[in-house]
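S.K.:
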Ligand SMILES: [Zn+2]
Ligand SMILES: [Zn+2]
């Protein structure tokens with residue numbers, strides 16, 4: 281075992297604070313990574329505060345962080361695809377059983393034995409659960425390490441590992457969106473990535489927002505049009521016209537209003553997770569033979585494809601870089617959606633602890 285500096289929460293009500301955790305020695309299948317940046321995902325906050333207790337209770341201390349970018353410092357004997365010095369990323373998963381229908385179909389996120397990057401039972405026993413990216417280093421199975429293109433600004437690469445793949449995957453799975461009318465509901469960490477990907481893939485992109493002040497920024501990010509969703513006239517003008525809608529809202533909202541915007545055989549995919557069940561009107565689906573679906577991150581192969589696509593199209597997340605000492609203030613601002621559009625922690629700040 282090796283000591284690693286980290287920030288952890290000791291309980292659901294404790295702030296994140298400096299801690300020392302254990303990382304395992306690099307086994308033959310492992311890649312040891314020196315972490316440069318880690319994005320702050322809303323899931324980190326939910327997990328730290330034990331807000332998902334009914335589905336996955338938090339084990340403390342909790343070290344969150346699953347938007348990791350860093351540099352390889354050591355590799356095991358069986359690792360041929362990475363070498364020390366390589367720029368790499370780690371997302372929401374760090375291991376699986378490597379051999380089930382989901383793993384064999386490159387959708388490891390649905391493996392019954394997937395190991396998530398934090399708060400998952402640690403098969404290697406370095407801790408009771410896995411510890412995430414709010415740390416100076418991490419050791420990860422080679423199959424769950426991604427190559428990061430070297431032409432991108434690294435602070436903005438980190439959020440691609442969760443917010444990026446979460447929006448890229450459903451857009452690609454829908455099919456060829458070139459020339460199609462695509463809606464993005466909500467302009468936050470997820471939504472702003474959805475706009476960038478849909479635009480780069482050639483869609484006519486329309487952002488739905490309740491905040492008129494977000495219009496200018498939506499256009500800057502690549503949207504062709506912006507609809508203020510609280511204005512019935514604007515909504516009516518676009519009714520029955522969308523081929524695909526990506527719904528990124530994590531709070532309770534009326535999905536029927538957006539289903540009404542879809543054209544014949546149109547599809548809306550949910551990537552946000554409101555706490556209370558949504559009310560769906562059957563009529564909103566029947567008329568127009570519409571589909572309502574969900575999506576959860578993406579497999580490793582697709583995540584690599586997304587990173588390569590970002591390299592080719594020069595796409596990164598818009599980030600506000602912070603030292604780790606400001607992480608608790610960042611959480612307070614995240615609750616108020618006061619960030620454009622993702623916090624990225626500069627892990628060099630951890631060295632002074
Ligand atoms: Zn996330
Ligand atoms: Zn599996």
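Numbering (this note's numbering), first residue to last: 281 to 633.
All residues carry an ideal CB built from backbone N, CA and C; glycine is no exception.
For clarity, every value in this text was computed on a predicted model and none was experimentally measured.
#1: Confirm the yes/no value for this check: CB of residue 323, any heavy atom of ligand 1, distance under 7 Å.
#2: Ligand 1 and residue 656: does the residue's C-beta get closer than 7 Å to at least one heavy atom of that ligand?
#3: Are residue 541 and residue 463 close, meaning C-beta to C-beta below 8 Å?
#4: What is the rounded straight-line gap between the Cα of residue 294 and the Cα of residue 614?
#5: Return the first residue and the last residue of the alpha helix (DSSP H) that residue 512 is part of.
#6: Would you say residue 472 touches ligand 1, meaning its beta carbon is less than 7 Å from a heavy atom?
#7: Tell me the DSSP secondary structure of residue 637 in three-state form.
#8: Within 10 angstroms of the Cβ of residue 639, are there 16 or more other Cβ atoms? Answer buried if so, exposed if not.
#9: Go ahead and pull the three-state DSSP assignment for residue 563.
#10: Since residue 321 and residue 432 are thought to touch, with beta carbons under 8 Å apart, how far apart are those beta carbons, to the nearest angstrom?
#11: Are the beta-carbon atoms belonging to residue 359 and residue 311 less than 8 Å from one another?
#12: Nearest by alpha-carbon distance to residue 348: which of 367, 334, 332 is it?
#13: Would you check if the distance between the CB atom of residue 369 and the CB atom of residue 481 is smaller than 8 Å?
#14: Cβ of residue 324 within 8 Å of Cβ of residue 345?
#15: For residue 318, tell me which candidate among 404, 594, 300, 418 has the shortest Cα-Cα distance.
#16: Are residue 314 and residue 375 closer than 8 Å when you measure CB to CB?
#17: Looking at ligand 1, does it come within less than 7 Å of residue 593, judged from the CB to the closest heavy atom?
#18: My output table needs one value for residue 438: the three-state DSSP class, helix, strand or coil.
#19: Please tell me whether, using a cut-off of 7 Å, the distance from the CB of residue 376 to the nearest non-hydrogen atom of ligand 2 is below it.
#20: Between residue 342 and ligand 1, is there a pair consisting of the residue's CB and a ligand heavy atom that are separated by less than 7 Å?
#21: What's the C-alpha gap between residue 592 and residue 443?
#22: What I want to know is whether the C-beta of residue 400 ends up closer than 7 Å to one or more non-hydrogen atoms of ligand 2.
#23: Counting C-beta neighbours from all protein chains within 10 Å, is the total for residue 474 16 or more, i.e. buried, or is it exposed?
#24: Quick check: the segment 541-550 against the segment 510-529, are there 3 or more CB pairs under 8 Å?
M.R.: Considering the structure as presented:
#1: Yes, the Cβ of residue 323 comes within 7 Å of a heavy atom of ligand 1.
#2: No information on residue 656 is available, as it lies outside the stretch 281 to 633 that the chain covers here.
#3: Cβ distance < 8 Å, so residue 541 and residue 463 count as in contact.
#4: Taking the straight line from one Cα to the other gives about 17 Å.
#5: It spans 512-517 - the alpha helix (DSSP H) in which residue 512 sits, taken as one unbroken run.
#6: Checking the Cβ of residue 472 against ligand 1 gives no.
#7: The requested residue 637 is not part of the displayed model; the chain covers only 281 to 633.
#8: What is shown of the chain runs 281 to 633, which leaves residue 639 out entirely.
#9: Correct three-state label for residue 563: helix.
#10: So it is not a contact: roughly 19 Å between Cβ atoms.
#11: Against a cut-off of 8 Å, the Cβ pair of residue 311 and residue 359 comes out as a contact.
#12: Among 367, 334, 332, the Cα nearest to that of residue 348 belongs to 367.
#13: With respect to residue 481, residue 369 sits apart: the two C-beta atoms are not nearer than 8 Å.
#14: Yes, they are a contact pair.
#15: For residue 318, the nearest C-alpha among the options comes from 418.
#16: Against a cut-off of 8 Å, the Cβ pair of residue 375 and residue 314 comes out as no contact.
#17: In this structure, the C-beta of residue 593 stays at least 7 Å away from each heavy atom of ligand 1.
#18: Helix at residue 438.
#19: Yes.
#20: False, no ligand heavy atom lies under 7 Å from that Cβ.
#21: Distance between the alpha carbons of residue 592 and residue 443: 18 Å.
#22: No.
#23: Counting Cβ neighbours within 10 Å, residue 474 comes out buried, since at least 16 surround it.
#24: Look at the beta carbons and you see the segment 541-550 touching the segment 510-529: at least three pairs across the two are nearer than 8 Å.
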